[in-house]
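Peer 1: Under my numbering, residues 25 to 218 are what the sequence shown spells out, in order. First the structure, then my questions, so here it is.
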Amino acid sequence: MALQLTEKSVRQFIEEVSDQRHAMAGAVIAVSAAHASALGEACMQISLDHQVDKLDWQDITGRIEQMVHLKNTLIAWCDQDATAIAEHVALREAGQVLQGQRLLCESPAEISRLCLDAAAVLQNFRPVVIEQVQDDLEIAISLLAGSARAALLLLDSNLRVWPEPNLLAEFEPILAELEQQLNQLSPVERIRKG
Numbered sequence: 025m026a027l028q029l030t031e032k033s034v035r036q037f038i039e040e041v042s043d044q045r046h047a048m049a050g051a052v053i054a055v056s057a058a059h060a061s062a063l064g065e066a067c068m069q070i071s072l073d074h075q076v077d078k079l080d081w082q083d084i085t086g087r088i089e090q091m092v093h094l095k096n097t098l099i100a101w102c103d104q105d106a107t108a109i110a111e112h113v114a115l116r117e118a119g120q121v122l123q124g125q126r127l128l129c130e131s132p133a134e135i136s137r138l139c140l141d142a143a144a145v146l147q148n149f150r151p152v153v154i155e156q157v158q159d160d161l162e163i164a165i166s167l168l169a170g171s172a173r174a175a176l177l178l179l180d181s182n183l184r185v186w187p188e189p190n191l192l193a194e195f196e197p198i199l200a201e202l203e204q205q206l207n208q209l210s211p212v213e214r215i216r217k218g
């Protein structure tokens, strides 16, 4: 049985991406966001470990569990997106062209949504992050915002390639909503103030 893309080593994953005859942008975006989510999760856990007597343990562990769920869902979308081109081709050959195109629009939309959710969780964690990992938390937020933007670009690209009225009617409002959410994020411009 072949390994899922995310079960491979980092080097194998990178080689798989570079050896393909099609660009694996969605999978690359999803795995980048999963890495950023893992960094954010670590910042949350480290902050809890150093302030266990000061923080509401149940609240913070709930937030960490939410981040774990988002990270794991991004990993799953990475694997799903890695096989999406083959599924698209199979659907096209079966005469279900629109369904295959929809699949390749749904993936970046969902990846972007997950990135935005993860970035929001980390932004809400800012007041309780410890100084030791405060900058790392900001880097994770910035990485997630960038991944969300990249996923929106991929969705926009797919809609340019397939300007089908049904796809546009379904995904243009989603694209606009996700862009609005992205604009509400507040990643820092600089770590050093002043």
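Idealized CB from N, CA, C, for every residue including glycine. Small disclaimer: the values here were computed from a predicted structure and weren't measured.
How close, in whole Å, do the beta carbons of isoleucine 88 and leucine 72 come, if the pair is a contact with beta carbons under 8 Å?
Peer 2: Working through the sequence shown from its first residue, we reach residue 88 at position 64. Working through the sequence shown from its first residue, we reach residue 72 at position 48. Right, their Cβ atoms sit about 7 Å apart.
Peer 1: Quick check on the DSSP output: the alpha helix (DSSP H) that includes glutamate 31 runs from which residue to which?
Peer 2: The sequence position of residue 31 within the sequence shown is 7, counting from 1. Taken as a continuous stretch (DSSP letters only), glutamate 31 belongs to no alpha helix (DSSP H), as it is neither H nor E.
Peer 1: Give me the Cα-Cα distance between glutamate 162 and isoleucine 215, rounded to the nearest whole angstrom.
Peer 2: Position 138 of the sequence shown, counted from the first residue, corresponds to residue 162. Position 191 of the sequence shown, counted from the first residue, corresponds to residue 215. Approximately 8 Å, taken between the alpha carbons.
Peer 1: If you draw a straight line from the C-alpha of lysine 32 to the C-alpha of glutamine 208, how long is it?
Peer 2: Numbered from its first residue, the sequence shown carries residue 32 at position 8. Numbered from its first residue, the sequence shown carries residue 208 at position 184. Those two C-alpha atoms are separated by around 35 Å.
Peer 1: Cα separation between phenylalanine 195 and histidine 74?
Peer 2: Your numbering for residue 195 matches position 171 in the sequence shown. Your numbering for residue 74 matches position 50 in the sequence shown. Each residue's Cα considered, the two are about 44 Å apart.
Peer 1: Please say whether leucine 79 and valine 152 have beta carbons closer to each other than 7 Å?
Peer 2: Residue mapping note: residue 152 aligns to position 128 of the sequence shown, counting from 1. Residue mapping note: residue 79 aligns to position 55 of the sequence shown, counting from 1. Contact flag set, yes.
Peer 1: Can at least three beta-carbon pairs, one atom from the stretch 135-145 and one from the stretch 54-66, be found at a separation below 8 Å?
Peer 2: At 8 Å Cβ cutoff, the stretches touch.
Peer 1: Just to confirm the assignment: which complete alpha helix (DSSP H) runs, minimum length 4, are found wholly within the stretch 32-87?
Peer 2: Listed in chain order, they are 34-43 and 49-74.
Peer 1: I need the DSSP call for arginine 216, collapsed to helix, strand or coil.
Peer 2: Translated into positions along the sequence shown, residue 216 becomes position 192. Reduced to three states, the DSSP call for arginine 216 is coil.
Peer 1: For the alpha helix (DSSP H) that contains glycine 170, what are its first and last residues?
Peer 2: As a working mapping, residue 170 is identified with position 146 in the sequence shown. Where glycine 170 is concerned, the enclosing alpha helix (DSSP H) stretches over 155-185.
Peer 1: Count the other CB atoms within 10 Å of the CB of aspartate 83; is the residue buried (16 or more) or exposed (fewer)?
Peer 2: In the sequence shown, residue 83 corresponds to position 59, counting from 1. Classification for aspartate 83: exposed.
Peer 1: Let me confirm a value: aspartate 105 is counted as buried when at least 16 other C-beta atoms fall within 10 Å, else exposed. Which label applies?
Peer 2: As a first step, residue 105 must be located in the sequence shown, where it is residue number 81. So aspartate 105 ends up on the buried side.
Peer 1: Only counting the same chain, and skipping five residues up and downstream in sequence, which positions put a Cβ closer than 8 Å to that of histidine 112?
Peer 2: Walking along the sequence shown from the start, residue 112 turns up at place 88. Counting only Cβ-Cβ distances below 8 Å, and skipping sequence neighbours, we find Gly124, Gln125, Leu127 and Leu128.
Peer 1: Between Val121, Glu130, Ala144 and Leu122, which has its C-alpha nearest tryptophan 101's C-alpha?
Peer 2: Translated into positions along the sequence shown, residue 101 becomes position 77. Here the closest residue by C-alpha is Glu130.
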